[in-house]
Amino acid sequence: MTEKVVPVVTRASELDDGTSQSGDCVRKSGVSPQHTPATKIWFGRVSNEPGHRSPPHHHEECETGGYVLKGHGRIYFGEDYKEYTDLHEGDFVFVPPFMPHVEVNMSTTDELVWLTCRTPDNLVTNLPEVPDDALEGYRRA
1 MTEKVVPVVT RASELDDGTS QSGDCVRKSG VSPQHTPATK IWFGRVSNEP GHRSPPHHHE
61 ECETGGYVLK GHGRIYFGED YKEYTDLHEG DFVFVPPFMP HVEVNMSTTD ELVWLTCRTP
121 DNLVTNLPEV PDDALEGYRR A
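Those letters in the sequence shown? Residues 1 to 141, by UniProt numbering.
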């Protein structure tokens, strides 16, 4: 007999934080190999409190798509993280595999919330820290 195939729902109260993390950037899985039958995708909610940021990191071989649900984010990248791009509510971003970057909440008063999807899973390699003052325009809350 063939097993019945059904959708798997993760309720808001059931988001899973048992996934790779990087500093103050908090990732919670909605669809992932950690707690659903998914085998080739990670989809979740990523948040940074006001003025908080991730340490430098990359996502190994993963292709990453992000959508800013709430707030003003900035992604620093390139040599010594001197380049950056700003994102606001409604913006999408693609982050290529193995690209070192730092994710920042540019607001010192409001939370930054992203929806992030990556394949095949939420792989995170944290890299050596960079001082706050090396990130142009960034300030902690």
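Cβ coordinates follow ideal geometry from the N, Cα and C atoms, glycine included. Given the structure is predicted, the values throughout are model-derived calculations rather than measurements.
Alpha carbon to alpha carbon, what distance is there between residue j and residue i?
{"i": "Ala141", "j": "His52", "result": "7 angstroms"}
{"i": "Pro97", "j": "Met1", "result": "41 angstroms"}
{"i": "Glu129", "j": "Phe92", "result": "26 angstroms"}
{"i": "Phe94", "j": "Glu3", "result": "36 angstroms"}
{"i": "His72", "j": "Leu15", "result": "23 angstroms"}
{"i": "residue 144", "j": "Asp86", "result": "Past the edges of the chain, shown from 1 to 141, lies residue 144, and the structure says nothing about it."}
{"i": "Met106", "j": "Tyr84", "result": "12 angstroms"}
{"i": "Pro131", "j": "Arg139", "result": "11 angstroms"}
{"i": "Cys25", "j": "Ser47", "result": "6 angstroms"}
{"i": "Thr36", "j": "Glu63", "result": "20 angstroms"}
{"i": "Val113", "j": "Arg45", "result": "7 angstroms"}
{"i": "Val5", "j": "Gly23", "result": "37 angstroms"}
Do residue i and residue j have their C-beta atoms closer together than 9 angstroms?
{"i": "Leu123", "j": "Glu61", "result": "yes"}
{"i": "Val68", "j": "Glu89", "result": "yes"}
{"i": "Phe43", "j": "Thr109", "result": "no"}
{"i": "Thr39", "j": "Arg27", "result": "no"}
{"i": "His57", "j": "Thr119", "result": "no"}
{"i": "Asp133", "j": "Ile41", "result": "no"}
Just confirm the distance between the C-beta atoms of residue i and residue j, as a whole number of angstroms; I'd bet it's less than 8 angstroms.
{"i": "Pro50", "j": "Glu111", "result": "6 angstroms"}
{"i": "Ile75", "j": "His59", "result": "That pair is no contact at about 12 angstroms."}
What do you reckon, is the C-beta of residue i under 8 angstroms from a heavy atom of the ligand GTP?
{"i": "Leu127", "result": "Because no ligand of any kind appears in the structure shown, any question about the ligand GTP cannot be addressed here."}
Runs of beta strand (DSSP E) lying entirely within the UniProt region "Disordered" (1 to 39), each at least 3 residues, in chain order
26 to 31
In chain order, which alpha helix (DSSP H) runs of at least 4 residues are fully inside the UniProt domain "Cupin type-2" (47 to 115)?
none
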